[in-house]
Amino acid sequence: MSFAQQFKENKGPRIASLGQVAQSLHFMPKSVPVLITIILLIHVALLLDCMGKNFVTVDEAGHLVAGISHWTTGTYSMYRVNPPLPRMLAVLPVLLLHPNTQGIQPTPALGERAEWRCANQFALDNASRYLDILFVARLAGILWSCLGGWLVFRWASDLYS
């Protein structure tokens, strides 16, 4: 039956389930999680490779010092245009490295974006290991990415099994 005929009969298109797709590709059902694991491992390897080669993005430095500021000062005045939880989680391992945070001085003034001034000072204060600090902060992103990939796989498995 053609695609157009399915619509004429109000049946809509046929959507294959994940199991049907796996069977058509000659996968055994037990091999699908293994395939997903391999894909996620390749994903992690590519991210780790890129993390070591790519320099700081435009807003990454601001997020880094804002997250450190949230933990060290208990205030949320830096980078208040985005929710603080992701950057707070990202900088947790950075705090274990005990970076020099003297240049991070948040300001309560509305409209002032102190994170950019503080980001420059933080980079200068930690110049010898700044890229290492940034690498450690980026690791949290890999964890979130893999968790998201696993959740999508589980959800799709439940929907199409």
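Our numbering puts the first residue of the sequence shown at -13, with every later residue one more than the last.
Ideal Cβ placement from N, Cα and C applies to all residues, glycine included.
The criterion of a C-beta distance shorter than 9 Å is not satisfied by Ala123 and Leu34. The C-alpha of Ser143 is placed about 13 Å away from the C-alpha of Ser17.
Pro79 is the residue among Arg99, Glu98, Pro79 and Pro85 whose C-alpha sits nearest the C-alpha of Gly127. Contact between the stretch 50 to 70 and the stretch 101 to 108 is present, with at least three C-beta pairs closer than 8 Å. Measuring C-alpha to C-alpha distances from Ile90 to each of Leu96, Tyr62, Arg115 and Ala76 identifies Tyr62 as the nearest. For Asn40, there is no enclosing alpha helix (DSSP H), as DSSP gives it neither H nor E. Between Pro85 and Asn112 a beta carbon distance of about 5 Å is seen, short of the 8 Å cut, so the two are scored as contacting. Residues of the same chain with a CB within less than 6 Å of the CB of Cys132, apart from the 5 flanking positions on each side, are Leu26 in chain order.
Of the residues Ile22, Val42 and Thr23, the one whose Cα lies closest to the Cα of Ala109 is Val42.
Rounded to whole angstroms, Phe121 and Leu83 show a C-alpha spacing of 12 Å. Setting aside the 5 residues that flank it on each side, Leu75 is surrounded in the same chain by Ala126, each with a C-beta closer than 6 Å to its C-beta; the list follows chain order. In the three-state reduction of the DSSP assignment, Gln88 falls in the coil class.
The Cβ atoms of Leu81 and Thr59 lie no closer than 9 Å to each other.
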